[in-house]
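Quick note on our numbering: the sequence shown kicks off at 25 and runs consecutively. From the three backbone atoms N, C-alpha and C, an ideal C-beta is built for every residue, glycine too. What you are looking at is a predicted structure, and each value in this text was computed from that prediction instead of being measured.
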Amino acid sequence: MDSKDLIFDSLHEECGVVGISMPERTDVAALAYYALYALQHRGQQSAGIAVNDDGVINAHCDEGLVDDVFDEDALNKLGGGNMAVGHVRYSTTGYEKRINCQPLVVNHIKGTMALAHNGNLVNDAELREKLELEGSIFHTTTDTEVIAYTITKERLTAGSIEEALKNAMDKLKGAYSLVIMSPKKLIAARDPNGFRPLCIGRFENGGYAFASETCALDSMDAKYIRDVEPGEIVVVEKGEMRSIREHCGKAKPSLCVFEYIYFARPDSVIDGCPVNLARQRAGAFLALEHPVQADVVIGVPDSGIEAAMGFSQQSGIPYGIGFIKNKYIGRTFIQPKQSQREKGVRIKLNPVSSTVKGKRVVLIDDSIVRGTTIKRIVNMLREAGATEVHVRSSAPKFLYPCYFGTDVPSREELIACRFEGRDDELVKAIGVDSLGFLSVESVKLIAGSGHTNYCIGCFNGEYPCDPPKRKWVNKYMNRLSDRKE
């Protein structure tokens with residue numbers, strides 16, 4: 025467990041990817057930089073951009089935030105070009121090391137490929153072992169390199185990079201949204217379940233862009249067209265876009281519902297649904313399922329704000345600004361000493377006493393994972409003068425691990441598991457007057473009509489595809505072990 029998790033026990037974001045294809049040479053590195061800035065919330069461990077200038081691919085990747093990795097000099101060294109791919113990373117597979125930064129650039133006998141990946145394979149261990157036995161030498165500990173090697177192996181006999189990707193998708197199992205750049209083509213692909221989002225945009229000059237969220241398209245002044253469909257491969261070549269749909273419909277669409285609850289920015293549109301509206305619906309459902317007599321509704325910044333507004337509108341209880349968030353503290357903020365963890369929370373969040381003093385407060389959070397942070401936040405509200413604190417979570421109880429990219433802790437660390445079937449004890453453990461979680465039935469409805477197929481395995485243990493039989497063990501970068509539940 026990271027020390028940062030002991031301070032802020034929220035779930036970690038996924039990665040963010042972007043791809044850009046322009047009809048003529050331009051400063052695509054700068055565009056990718058803007059897009060990655062917009063996607064910074066999806067990963068703060070590393071960032072990278074690869075630029076294609078007339079078939080020559082140059083890349084710069086390093087650990088840190090986008091603004092740390094790319095200064096003016098770094099962007100100038102990448103130079104101009106007509107294509108680029110970019111990536112921000114939070115690691116769910118592999119060490120947090122520079123060698124695991126993306127995009128991953130692979131030089132092979134058929135050319136060069138730059139690849140950026142968001143997701144998590146469930147058959148990573150099996151594929152890696154098979155490739156190693158065939159002579160592949162791995163330089164990273166990520167499943168992204170497994171994907172890259174699987175594609176390049178297929179490229180030896182395939183007539184094109186997109187055909188190689190199509191064949192590779194028969195072997196890849198799990199969650200993956202990919203952006204791939206070859207010397208002449210930009211390609212996007214989404215796994216048949218569509219676990220992770222990927223959208224398509226278009227520039228006024230006829231260029232195209234792919235990104236994990238529409239907020240990245242907005243940052244580049246690209247117009248959102250549609251989402252890449254689950255199982256679809258989209259190819260941009262010579263200014264034209266075409267689709268390969270052989271894998272579409274091979275699995276039930278299963279977007280991770282936590283994209284709406286927490287991961288995505290509220291100004292993004294995921295699979296056609298505005299994220300802020302989905303969160304407001306979650307809050308409204310909470311008000312119907314767990315009503316309470318109170319004086320004010322507040323949200324934990326940032327992703328609890330919209331749900332708090334929805335709860336307020338549905339219940340008629342006034343909404344108030346309950347916390348001020350320090351905008352200069354990143355999500356990777358670490359306070360190493362046990363005695364300073366409480367102060368660490370206060371540095372990040374500070375209650376507005378005029379909003380809560382002498383009042384019965386409904387506190388809306390996006391989720392409750394280990395329970396350590398919410399307990400400290402409740403204590404802060406009581407110290408600020410709240411007479412009652414009623415906590416409502418816009419996500420159901422986390423009871424099971426995630427195998428598709430979300431960094432859900434083990435069952436032993438999940439507070440809902442430790443107190444399963446003992447809600448009264450859970451209320452006492454957190455120190456609240458009442459506690460309510462959104463139901464599994466309602467979470468399926470937050471994106472509105474026509475959007476009901478999601479992966480909710482972390483809530484009910486029912487996964488769209490089989491969990492991994494084995495997992496990769498990083499200790500020596502070449503060991504496999506049996507998966508432990």
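*Can the beta-carbon of Leu405 be found closer than 7 Å to that of Val385?*
It is a contact, given that the beta carbons lie within the stated cut-off.
*The alpha helix (DSSP H) with Gly334 in it runs from where to where?*
Looking at the DSSP string, the run of the alpha helix (DSSP H) that includes Gly334 is 329–339.
*Assign Lys493 to buried or exposed, taking buried as 16 or more other Cβ atoms, counted over all protein chains shown, within 10 Å of its Cβ.*
Classified as exposed, Lys493 has fewer than 16 neighbouring CB atoms from the shown chains inside 10 Å of its CB.
*For the beta strand (DSSP E) that contains Tyr173, what are its first and last residues?*
In the DSSP assignment, Tyr173 falls outside any beta strand (DSSP E) and lies within the alpha helix (DSSP H) extending over 167–179.
*asked:* According to DSSP, simplified to helix, strand and coil, what is Glu486?
replied: The answer is coil: DSSP assigns Glu486 none of H, G, I, E or B.
*Where do the N-terminal and C-terminal ends of the alpha helix (DSSP H) with Leu55 fall, by residue?*
Residues 52–62.
*State the Cα-Cα distance for the pair Pro294 and Val252, rounded to the nearest angstrom.*
Before going on, a small fix: residue 294 reads as Ile here, not Pro. Taking the straight line joining both Cα atoms gives about 11 Å.
_Which of helix, strand or coil DSSP assigns to Met404_ = DSSP places Met404 in helix when its eight states are reduced to three.
_Taking the beta carbon of His163 as the centre, do at least 16 other beta carbons fall within 10 Å, making it buried, or is it exposed?_
That one is exposed.
*Arg49, DSSP secondary structure in three states*: The answer is strand: DSSP assigns Arg49 an E or B state.
_Quick check on this structure: which residue in Gly79, Ala62, Val75, Ala108 has the alpha carbon closest to the alpha carbon of Asp91?_
Taking the Cα of Asp91 as reference, the smallest distance to any Cα among Gly79, Ala62, Val75, Ala108 is reached at Ala62.
*Give every residue of the same chain whose Cβ lies closer than 6 Å to the Cβ of Cys85, excluding the five residues on either side of it in the sequence, and list them in chain order.*
The residues are Gly72, Cys125.
*Just to confirm, are Ala306 and Ser418 a CB contact at a threshold of 7 Å?*
Yes; because the gap between Cβ atoms is below 7 Å, this pair is in contact.
*asked:* With distance defined between alpha-carbon atoms, name the residue in Asn300, Ala275, Gly273 nearest to Tyr286.
replied: Taking only the C-alpha atoms, the option nearest Tyr286 is Asn300.
*Through-space distance from His314 to Gly340, alpha-carbon basis*: Answer to the nearest angstrom: the Cα atoms are 14 Å apart.
*Three or more beta-carbon pairs under 8 Å between the stretch 221–232 and the stretch 182–198, yes or no?*
The stretch 221–232 is not in contact with the stretch 182–198.
*Could you tell me if Glu330 is buried or exposed, where buried requires 16 or more neighbouring beta carbons within 10 angstroms of its beta carbon?*
Label assigned to Glu330: buried.
*Unbroken beta strand (DSSP E) runs of length 3 or more, entirely within the stretch 272–328: which are they?*
Assignment of beta strand (DSSP E) within the stretch 272–328, counting only whole runs of 3 or more residues, yields 320–323 in chain order.
_Residue interval of the alpha helix (DSSP H) (run including Ile211)_ = For Ile211, no alpha helix (DSSP H) run applies; the uninterrupted beta strand (DSSP E) run containing it begins and ends at 209–214, by DSSP.
*How many Å lie between Gly296 and Arg66 at the Cα?*
Those two C-alpha atoms are separated by around 19 Å.
*Take the Cβ of Ser27 as the centre, count every other Cβ of all protein chains shown within 10 Å, and call the residue buried at 16 or more, exposed below.*
Per-residue confidence for Ser27 stands at a pLDDT of 31, beneath the threshold of 50, marking its modelled position as unreliable; the derived number appears in the next sentence. Of the other Cβ atoms in all chains shown, fewer than 16 fall within 10 Å of the Cβ of Ser27; this residue is therefore exposed.
*Drop a sphere of 10 angstroms on the beta-carbon of Thr166, count the other beta-carbons inside from all chains shown, and report buried for 16 or more, exposed for fewer.*
Counting Cβ neighbours within 10 Å, Thr166 comes out buried, since at least 16 surround it.
_Beta-ladder partner(s) of Arg226, from DSSP_ = Tyr232, Lys247, per the DSSP bridge assignment.
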